[in-house]
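Chains as they are written, first to last, in numbering that gives the first Met the number 0: chain A, 0 to 195; chain B, 0 to 172. All residues carry an ideal CB built from backbone N, CA and C; glycine is no exception. Source: prediction; values computed, not measured.
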Amino acid sequence: MSQVPPPPNPLPQGEGGINVTLKELFIGFTRIALSGFGGVLPFARRVIVEERAWIPSEEFTSLLGLCQFLPGPNVVNLSICIGARFRGVRGAITAFTGLILPPFFIVIGLGALYQQYGNIPVVNSMLRGVSAVAAGLILSTGLKMALDLRNRPLLLICSSLAMVGIVALRWPLPLVMLGLLPLSMLLAARIYGGKS
Amino acid sequence: MTIIIAIILQFGLLSLLAFGGANAILPEIHRIVVETNHWMTSVEFARLFAISQATPGPNAIIVTLIGWQMAGFAGAVAATLAICGPSSILIFIFMHYWKKVSGSPWRNVVQIGIAPLAVGLVLASGIIITLAADETPWAYLLTGLTLLINMFFKFNPIWLIAAGALLGLSGIF
C-alpha cells in the first residue's frame, strides 16, 4: 500500500496548519452527515472551514471543484479528499466511515419500519404525500443546476438531449454519456473557449 | 448470492458514471432494478426514494436502501460500497494531480462539458421519480408546489417532507 505524498504546499502556520486526528475526522464527518436532509454538501463547508478550520476556504473550494468534477457521490468524494489530506489511506477510510455509518443505520431502520407498517392505510397515505414532495425536491435541484448554466445556454441542448435519451428513449446511462460527452466538450471548447 | 454480485457489478459501474452525484444515476438504477430485472415495482422505488429523503446524510443513501430492499443487510453493505468504492479510489488517486492541472485549458473544457450532462441527468431523475411517485392529480400538484417553494425559498427540506406527510393524511395523494 503506497503512502500518500505530502501536500505540495505546506499549510500556512497558525489556525490553518493544524493536525487532524482520525478521531476528529470521524466525528467531524458524522456531524456533517447528521446536519441535514437531502444532501449535506452545504453543511460540509460550515463544519470543515468555519467550525473546525481544518483547511482554508480557497482550498476547500478547489477540492469541492474536484469532488463535483469527478464521478461519485460528491460529499463522499469530499470525505475521501479531506481524510487523505490529513491521514492518508486510513484518514480517507475513517472520514468516509464517519460520514456513511449513521445514515446507513438510520435508513435501514426507516426501511424496516416501512416494510413493517407501510401497508397500514394511514402510513401509506403519509408516504404518498412524502413521495410527491421528494419528487418536487429533486426536480427543483435539477432546475437550480440548470439555472447555473444560464450564461452558456447552448450547453442546455446537451442537457435536453440527455433527458430525452434517458426518460423518453430509456437508453442506458453509459450510452447516453458516451454519446453526449464529446458534443458537450466540443461546445465547451469551441463556443465557450474553455473559460470557466 | 447472485443478487449480491449483480449489485456489486452494476452499481460499481454506476459509481464511475455518477457525474452530478447520486441523484444523477437514479434513472439508471430505476431502469436496472424496476424495468429490466423487476426486483421491485416503480411505486416501491418511489417510496424508497421518499424514505431516503427523510434520512439525514448524503443523497447516496438511497442506494443503500435499494440494496437493503433487494438483499437485506448484505445487500445494503454491498450497494453502499459499490456506489462509493470505485469513485473513491479514483478521487484518491487523482487528487494529487488536481492542483497541477489547475488553469489548464482541458481541465476547464472537461469541467464545463460535464456540467450540462449532470443537469440533464438530475432533471431526468426528477421526471422518473415524479412519474413513479405521483398517482393522482393532487400528487402532481403537491410535487409542483414543492418545486416552486424549493426554488424560491430557503426552507430546510425536512420541513417540506414533514408537510408532505401531514398533507398525506388527507388521503388524496
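C-alpha distance - residue i paired with residue j, whole-angstrom precision
i      : j      : result
B:T142 : B:A131 : 12 Å
B:W38  : A:N123 : 21 Å
A:I105 : B:T54  : 7 Å
B:A73  : B:F10  : 14 Å
B:I24  : B:L13  : 7 Å
A:L69  : A:G108 : 31 Å
A:Y113 : A:M184 : 43 Å
B:I65  : B:F44  : 8 Å
B:P136 : B:F172 : 8 Å
B:A138 : B:P26  : 20 Å
A:L77  : B:A78  : 19 Å
B:F18  : A:G192 : 22 Å
B:I3   : B:I90  : 25 Å
B:A5   : A:L179 : 27 Å
A:E58  : B:N36  : 44 Å
B:I50  : B:P57  : 13 Å
B:A162 : A:R127 : 12 Å
A:I92  : B:F93  : 16 Å
A:L10  : A:V19  : In this predicted model, A:L10 has a pLDDT of only 43, less than 50, meaning its place in the structure is not dependable; the value taken from the coordinates is given anyway. Computed Cα separation, rounded: 13 Å.
A:R149 : B:A70  : 43 Å
A:N8   : A:L21  : Caution is warranted here: a pLDDT of 47 is assigned to A:N8, below 50, making its placement in the model unreliable, and the coordinate value is therefore given only provisionally. The straight-line gap from Cα to Cα measures roughly 22 Å.
B:L47  : A:G110 : 7 Å
B:Q52  : B:E34  : 22 Å
B:M0   : B:H29  : 21 Å
A:M125 : B:I160 : 10 Å
B:Q68  : B:L140 : 29 Å
A:S159 : B:L120 : 9 Å
B:A164 : B:E134 : 16 Å
A:V74  : B:G170 : 36 Å
A:S1   : A:I79  : Its pLDDT being 47, under 50, A:S1 is placed unreliably in this model, and the value from its coordinates should be taken loosely. Rounded to whole angstroms, A:S1 to A:I79 spans 16 Å at the Cα level.
A:F25  : A:A167 : 43 Å
B:F151 : A:G27  : 31 Å
A:P152 : A:S56  : 30 Å
A:L177 : A:I137 : 24 Å
B:L147 : B:G20  : 23 Å
A:P41  : A:I54  : 16 Å
A:F103 : B:I88  : 20 Å
A:F95  : A:A188 : 35 Å
A:D147 : B:I7   : 34 Å
B:A75  : B:I61  : 10 Å
Enclosing alpha helix (DSSP H) for residue i [first to last residue]
i      : result
B:M94  : I60 to W97
B:P55  : From DSSP, B:P55 is part of no alpha helix (DSSP H); its letter is neither H nor E.
B:Y139 : P136 to F151
B:G119 : P104 to A132
B:L13  : T1 to S14
B:E27  : L25 to H29
A:N123 : P120 to L146
A:V175 : L172 to R189
A:M162 : L154 to M162
B:A162 : P156 to G167
Assumed close pair residue i, residue j - CB separation to whole angstroms, cut-off 8 Å
i      : j      : result
A:I190 : A:V175 : In fact, because the Cβ distance is near 21 Å, the residues do not count as touching under 8 Å.
A:G97  : B:V118 : So it is not a contact: roughly 30 Å between Cβ atoms.
A:I17  : A:A52  : 7 Å
A:V129 : B:G167 : 6 Å
B:P115 : A:L155 : 6 Å
B:N149 : A:S139 : 4 Å
A:A43  : A:P101 : Contact flag wrong, Cβ pair sits at about 15 Å.
A:A145 : B:L122 : 7 Å
B:L59  : A:P72  : The amino acid occupying residue 59 of chain B in the given sequence is Ala; Leu does not appear at that position. Rounded, the Cβ-Cβ distance is 4 Å, consistent with contact.
Within the chosen definition, does the segment 59 to 68 of chain A reach the segment 89 to 105 of chain B through at least 3 CB pairs nearer than 8 Å? Yes: at least three Cβ pairs fall under 8 Å.
Evaluate the contact criterion for the segment 107 to 118 of chain B versus the segment 73 to 92 of chain A: three or more CB pairs, one atom per stretch, below 8 Å. Result no; under three Cβ-Cβ pairs closer than 8 Å.
Scan the segment 9 to 78 of chain A and note each continuous beta strand (DSSP E) run of 3 residues or more that stays entirely inside, going in chain order. Qualifying beta strand (DSSP E) stretches: none in this window.
Counting pairs of beta carbons, one from the segment 117 to 135 of chain A and one from the segment 43 to 61 of chain A, are three or more of them closer than 8 Å? Not touching, per the Cβ criterion.
Is there contact between the segment 14 to 23 of chain B and the segment 74 to 90 of chain B, where contact requires at least three CB pairs shorter than 8 Å? When Cβ pairs closer than 8 Å are counted between the two stretches, the segment 14 to 23 of chain B is seen to touch the segment 74 to 90 of chain B, the count reaching three or more.
Inter-stretch contact at 8 Å, needing at least 3 Cβ pairs: the segment 33 to 42 of chain A / the segment 147 to 161 of chain B: The segment 33 to 42 of chain A makes contact with the segment 147 to 161 of chain B, as at least three CB pairs between them are under 8 Å.
Between the segment 122 to 129 of chain B and the segment 128 to 138 of chain A, can you find at least three pairs of beta-carbon atoms closer than 8 Å? Judged by Cβ distances under 8 Å, the segment 128 to 138 of chain A makes contact with the segment 122 to 129 of chain B, as three or more pairs qualify.
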